[in-house]
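Residues in the sequence shown are numbered from -17 upward in steps of one, following this note's numbering. Glycine residues also receive a C-beta, built at the ideal position from the N, C-alpha and C atoms. For reference, the structure discussed in these notes is given below.
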Amino acid sequence: MLEKKWWHDVVMYQIYPRSFQDSNGDGIGDIPGIISRLDYLSSLGVGGIWLSPVYASPMDDNGYDISDYEAIAPEFGTMADMEQLIAEAKKRNIRIVMDLVVNHTSDEHAWFIEARQSKTNQYRDFYIWRDEPNALKSTFSGSAWQFDALTKQYYLHLFSKRQPDLNWENENVRQAIYKMMNFWVDKGIGGFRMDVIDLIGKLPDAEITGNGPKLHAYLQEMNAAALAGHDLLTVGETWEATPELAKLYSSPARQELSMIFQFEHITAMWHETKWAGNYFSVPKFKAIMGKWQQELSAENGWNSLFLNNHDLPRVLSAWGNDKEKRVESAQAFALCLHLLRGTPYIYQGEEIGMTNCPVTTLAEVDDIESRNWANDALKTGHTQEEVIAGINAVGRDNARTPMQWDATDNAGFTSGTPWLPVNANYKRINAAQKGSIFETYQKLIALRKENDWIKYGDFEPVTSEATVFAYLRTYQEKKYLIVANLSDETSHFSSSYKNRQTLIGAAPESLNAAVLAPWQAFACEVEVG
Ligand code: GLC
Ligand code: CA
């Protein structure tokens, strides 16, 4: 039985607070800055904001290293600002989804400060300590184990050594996290985006990190303790999820999460590893997106839909054409993604077609993952040029440059010196121009709100040329055709259906033997010809 949920109707918008809007000239985006831009988000039409972390943090990983879950980082504002953000957003029908980073804390969290004091400290077992390291590697390069001189043991950190992993086997850890989640739920938030949540069931001694045996038991326990009865959107970040695993997380009957972020369409485009760079294969993209569409329906789970976030290069630069066909490729990606079944997520700047921001020297790189990788790569014989090319292709700073609001100094992001330089193209690419990319997103968001076929219709791939992503959505006897030429080449599309009504984009006169311009995309209601 289909149970309708508010997140079936909305498009979410991810804010990376450091880079969204500075309000006090210190060069760092902040919560008052976000509040000042709520009308912009409301005009776009989004129904929720995924807010990357704003909690107290030494900012080793820009806030994904939390030192106090119940305090706001002073550079982002105060708890009063946060409460105002929740309230002001609510007035505009926008819910705030907080980032929940509970695989690890900061090494400056009070629990870790205590834990490292002695082997018998009451918080010792909040973290994972061993006498000897094993072969586990950190996502941010090097061993996942750090020696702590005071007690002469190693602690586990799957990310930076300043992000010690919490020990979820410990019941006290779990209860403390659920209590903290309730603190936020009571403030009236709309849900949680759960950072690397698939790692919390890890078995470090067996070198199992993702999808450990107790993962789903923990999520069910969490749901009962902190989520049930509050109508929240929860989305787990799960890099290794398959559709089968996605059903475990998101099947309504199982009472775990609303949905997950799967990354198959992202990692499939990596040469070997992330750092070897990206390519874009439309056939692979179609096959992967199609598989997820067919596997998950509202009855057995739910999809999230995204191409960008704060960890990925801008899709326009990675897969699209961010030069001559920037507008067209942005619109084509938006159109074919947003008319799928699932909840779409827009990452700040995506709606105006922001692009990657290349650097020429390593000194310009801020991101800890890129810096650690660069150190490693230089040691293992890569040249400086190769390292910079790698960072320019996939480094996380690409997506983290300040939001480009207008053509004034620093793109209207700050009156001071931005913490990360503004992309040099801001005079041409900025939100003040309200260009056709923004209008496309606006229209797609409105279409989703109004049309149940987008939320619940069946999905069927339509045979097409390799470069063309085409699919049919069917709902209550009506049929809708979505076609996107995801390439710089002229392509062809042929169908026996007739266009009843174009809904968005530029549809050709006849669907029979149509010639598609590079990145041409459209959706229409069709009837049997
Ligand atoms: C997630 C976040 C990323 C962060 C990492 C460690 O992948 O999206 O930004 O660095 O977890 O918290
Ligand atoms: Ca600021």
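In this structure the region 145 to 160 lies against the region 78 to 87, because at least three pairs of beta carbons, one per stretch, are closer than 8 Å. Distances between the C-beta of Phe288 and the heavy atoms of ligand 1 are all 7 Å or more. Distances between the C-beta of Phe243 and the heavy atoms of ligand 1 are all 7 Å or more. Shortest gap from the CB of Val508 to any heavy atom of ligand 1: 7 Å or more. Using a Cβ distance threshold of 8 Å, Phe2 and Ile16 count as a contacting pair. In terms of side-chain proximity, the C-beta atom of Gly394 is found no nearer than 7 Å to any non-hydrogen atom of ligand 2. With the rule of 3 Cβ pairs closer than 8 Å, the region 307 to 324 counts as touching the region 412 to 422. Within 7 Å of the C-beta of Gly170 there is not a single heavy atom belonging to ligand 2. In the structure shown, the three-state DSSP call for Cys506 is strand. Setting aside the 5 residues that flank it on each side, Glu65 is surrounded in the same chain by Lys169, each with a C-beta closer than 7 Å to its C-beta; the list follows chain order. Beta-bridge partners assigned by DSSP to Lys119: Ser125.
Residues lining ligand 2 by the Cβ criterion, that is a Cβ closer than 5 Å to any of its heavy atoms, are Asp4, Asn6, Asp8, Ile10, Asp12 in chain order.
Ranked by Cα distance from Thr325, the options Ile13, Lys437, Arg296, Ile159 are led by Lys437. Across the structure, Met80 and Leu402 are spaced so that their CA atoms are roughly 23 Å apart. The C-alpha of Ile110 is placed about 31 Å away from the C-alpha of Pro(-1).
Apart from the 5 residues on each side of it in sequence, Tyr105 sits with its Cβ closer than 7 Å to the Cβ of Trp93, Glu96, Ala97 in its chain, given in chain order. Counting along the chain, the unbroken alpha helix (DSSP H) around Gln66 starts and ends at 61 to 73. Residue environment analysis places Ser476 among the exposed positions, since fewer than 16 neighbouring C-beta atoms fall within 10 angstroms of its C-beta. The Cβ neighbour count for Phe165, taken over all protein chains shown within 10 Å, is under 16; the residue is labelled exposed. In chain order, Val450, Val465, Asn467, Thr472, Ser473, His474, Phe475, Pro490 place their CB closer than 8 Å to the CB of Leu498, counting only its own chain and leaving out the 5 sequence neighbours on each side. In the three-state DSSP reduction, Pro265 falls in the helix class (H, G or I).
Per DSSP, Leu429 lies in no beta strand (DSSP E); the unbroken alpha helix (DSSP H) holding it starts and ends at 418 to 432. Under the three-state reduction of DSSP output, Gln276 falls in the helix class. A Cβ-Cβ distance of about 6 Å is found for the pair Arg296 and Asn290, placing them in contact under the 8 Å criterion. At least one heavy atom of ligand 1 lies less than 7 Å from the C-beta of Val83. When Val(-8), Pro500, Glu70 are compared, the shortest CA-CA separation from Ile13 is found for Glu70. The region 232 to 248 makes contact with the region 280 to 287: 3 or more CB pairs, one atom from each, lie closer than 8 Å.
As the crow flies, the alpha-carbon of Leu239 is around 22 Å from that of Leu319. Annotated as distal: His91 and Ser120, with beta-carbon spacing of 8 Å or more.
Closest in C-alpha terms to Met385, from the list Glu368, Ala413, Ile370, comes Ala413. Per DSSP, the beta-bridge partners of Ile31 are Tyr(-5), Ile78. Linking Asp213 to Ala406 through their CA atoms gives a straight-line distance of about 42 Å.
Between Lys409 and Ala389, the gap from beta carbon to beta carbon is short of 8 Å.
In this structure, the beta-carbon distance from Gly259 to Gly372 falls below 8 Å.
In the three-state scheme derived from DSSP, where H, G and I count as helix and E and B as strand, Leu360 is classed as helix. Runs of the alpha helix (DSSP H) spanning 4 or more residues and lying entirely within the region 314 to 391 occur at 350 to 361, 366 to 376, in chain order.
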